[in-house]
Amino acid sequence: LSTIFTCCLVLCARQGVAADTAAVTDLGKRVAALTREVQLLEDQNAIEILQRTYGFYMDKALWTQAADLFTDDGSLEIGASGVFTGKARVRDYLLSLGQEGPQEGRLIDQMQLQPVIHIAADGNSAKGRWRSLVMAGQHQGQAWWGSVIYENEYRNEGGVWKIAKLHGYNILYSDYAKGWAESAVASIGPEQPLAPDLPPSTGHHSYPEKFFVPFHYQNPVTGTSVDMDTATPELSPVEPDELGQTLSDLDTRLERLNDVQSIERLQHAYGYYLDKQQWDTLANLVAEDGTIEIAQRGVYAGKKRVRDNLDLYGEQGVHNGVLHNHIQLQPVIHIGTDGKTAHARARALSMLGTYGGAGVWGASVYENEYVKESGIWKFKHDHLYTTMFTTYNEGWAAAPRAAPGVNKDNPPDLPPSVVYEAFPKTHIPPFHYPHPVTGVEVRAP
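Letter by letter, the sequence shown follows residues 210 to 654 in the working numbering.
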């Protein structure tokens with residue numbers, strides 16, 4: 210894009226003064242409009258990071274960190290619990306859900322999925338619709354499936370996006386053992402819920418009763434644009450002597466946005482190759498000096514050794530009766546200042562099994578590193594932390610199934626870099642990034 214605009218400047222320089230002035234002014238307007246569009250794309254990325262981070266904090270009962278994602282006057286409303294107003298009251302509500310921090314035997318994974326985000330014309334507020342798939346329960350107690358739809362509002366304060374209103378509509382909660390054909394409850398909150406500041410804002414019903422969660426937007430094909438109650442700001446043309454630097458900055462910013470998309474595609478492709486056990490193809494996603502560390506199997510260093518590691522998960526190729534799905538979800542991606550390195554936190558939901566044999570559920574978190582070589586992003590370090598691994602029949606409330614350990618027949622080059630145990634034990638995979646609002650490093654309470 211910067212090359213196109215630079216060519217426009219050169220053409221202007223070859224024309225008369227009057228024509229040159231008019232063309233440069235027009236170019237300044239176009240560059241100002243482009244700057245706004247790039248900012249909106251960056252804002253959407255920031256909001257997605259914000260909401261996905263909320264999910265990662267909720268997983269581990271990091272109540273204080275989750276509350277700090279809100280504006281000071283922010284509000285929270287979950288199901289029919291009522292409205293809690295102000296950051297302090299949001300934290301009070303979260304603390305009412307149970308002890309802060311990860312607790313042995315407690316699972317509360319809350320996947321943040323399917324975002325539809327609209328940013329106001331002035332760039333100061335936004336609305337977002339999300340879906341959450343919840344896997345919750347207590348070891349040796351009860352396990353639950355949950356489905357939640359969020360209709361949220363966000364606010365840009367000093368260039369930092371925060372949650373202004375979080376409204377979760379509980380679609381269903383069902384006992385894992387019975388399933389949603391036989392079991393349905395409105396919520397799985399505490400027996401004596403905290404009194405809200407305001408009553409529920411809507412008459413709320415959960416499955417099996419019918420309830421329609423209102424959309425903040427109209428049909429994107431037949432409807433009109435979203436009404437955000439803000440006027441499109443008038444843009445001042447970029448000054449002629451600032452065009453060169455502005456275009457150079459925009460070129461870098463657009464490249465970073467494209468880098469985020471490239472890494473997300475890379476991670477998704479990884480999942481599809483993993484599904485069908487395409488080991489040779491998957492290994493080619495990794496840099497020559499890359500590593501892989503899955504669960505507690507240890508570190509395999511170098512592309513060839515990454516390929517050796519993949520043999521641990523079965524024979525290469527598609528096989529009858531084998532299910533090996535690894536769904537890649539909830540990426541939080543940050544590009545390094547050099548534009549050649551990156552980190553991502555993401556989630557994997559695994560559906561494994563053999564026909565006529567056993568089915569398995571797996572829940573995991575990635576903390577990966579990537580490197581850009583000759584313009585192509587590759588895996589530098591692929592590191593998956595197992596949260597939970599259990600049979601389909603028993604579910605996560607039953608007896609635990611340990612994360613796979615070191616294989617003596619195909620040993621790693623290095624022992625596990627982090628030693629931990631999967632559910633019902635608990636751990637927090639270290640975050641590669643600080644809190645997106647406070648900037649503070651995230652640690653267990």
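Glycine is no exception: its CB is placed at the ideal position from the N, C-alpha and C atoms.
Check	Outcome
Minimum C-alpha distance to Leu593 - residue among Ser626, Trp586 and Gln487	Ser626
Burial state of Tyr601, where buried means 16 or more other Cβ atoms lie within 10 Å	exposed
Backbone CA spacing between Ala395 and Leu381 [nearest angstrom]	7 Å
For Asp484, the three-state DSSP class (helix, strand or coil)	helix
With 16 other Cβ atoms within 10 Å as the buried cut-off, status of Ile501	buried
Minimum Cβ-Cβ distance from Leu521 to chain C less than 8 Å	This model lacks chain C altogether; it includes just one protein chain.
Nearest-angstrom beta carbon gap, Pro423 and Ser290 [assumed within contact, 8 Å]	About 18 Å; that fails the 8 Å criterion.
Residue of Thr563, Tyr522, Val508 and Gly377 minimising C-alpha distance to Val531	Thr563
Residue nearest to Gly526 in terms of C-alpha spacing, selected from Asn518, Trp488 and His543	Trp488
Anticipated Cβ contact below 8 Å, Gly337 with Ile397, distance rounded	With a Cβ gap of about 24 Å, Gly337 and Ile397 do not count as contacting.
At least 3 beta-carbon pairs within less than 8 Å: the region 285 to 303 vs the region 243 to 250	no
Three-state secondary structure (DSSP) of Lys513	helix
CA-to-CA distance, Gln323 to Gly310, given in whole angstroms	27 Å
Beta-carbon spacing of Ile372, Asn361 below 8 Å	yes
Candidates Leu278, Gln505 and Gln253: closest to Phe265 by CA position	Leu278
Rounded C-alpha distance that separates Leu466 from Trp570	34 Å
Close-in-space but distant-in-sequence residues of the same chain around Arg462 (CB under 6 Å, 5 per side omitted)	Val247
Beta-bridge pairing of Arg150 - partner residues as DSSP gives them	It is not possible to answer for residue 150, since the shown part of the chain is limited to 210 through 654.
Sub-8 Å separation of Tyr416 and Ala393 beta-carbons	yes
Environment of Arg652 [buried if 16+ CB atoms lie within 10 Å]	exposed
Span separating the alpha-carbon of Ile158 from that of Pro638	Coverage of the chain is limited to positions 210 through 654, which leaves residue 158 absent and any answer about it impossible.
7 Å CB neighbourhood of Ile258 in its chain, flanking five on each side removed	Val541 and Pro645
The region 542 to 558 contacting the region 509 to 527, beta-carbon criterion three pairs below 8 Å	no
Alpha carbon of Phe598 to alpha carbon of Val574, nearest angstrom	12 Å
Whole-angstrom distance between Ala553 and Ser341, CA atom to CA atom	20 Å
Which of helix, strand or coil DSSP assigns to Glu632	According to the sequence provided, residue 632 is Phe. The question's Glu does not apply to it. Of the three classes helix, strand and coil, the one that applies to Phe632 here is coil, per DSSP.
One or two residues paired with Thr500 in a DSSP bridge	Ala510 and His590
Endpoints, beta strand (DSSP E) assigned at Tyr302	Tyr302 -> not in any beta strand (DSSP E); alpha helix (DSSP H) instead, spanning Lys296 to Ser305.
Buried versus exposed, by CB contacts within 10 Å (16 or more), Thr596	buried
Among Pro429, Asn616, Leu491 and Ile326, the one whose alpha carbon lies nearest that of Gln253	Ile326
DSSP state of Asp282 mapped onto helix, strand, coil	strand
For Arg298, the nearest candidate out of Lys374, Thr262 and Leu285 (CA to CA)	Leu285
Of the listed residues Tyr378, Ile472, Ser471 and Leu494, nearest to Tyr482 (C-alpha basis)	Leu494
For Glu391, the three-state DSSP class (helix, strand or coil)	coil
Residue interval of the alpha helix (DSSP H) (run including Gln351)	It is not in any alpha helix (DSSP H) - Gln351 carries neither H nor E in the DSSP assignment.
Three-state secondary structure (DSSP) of Ser396	coil
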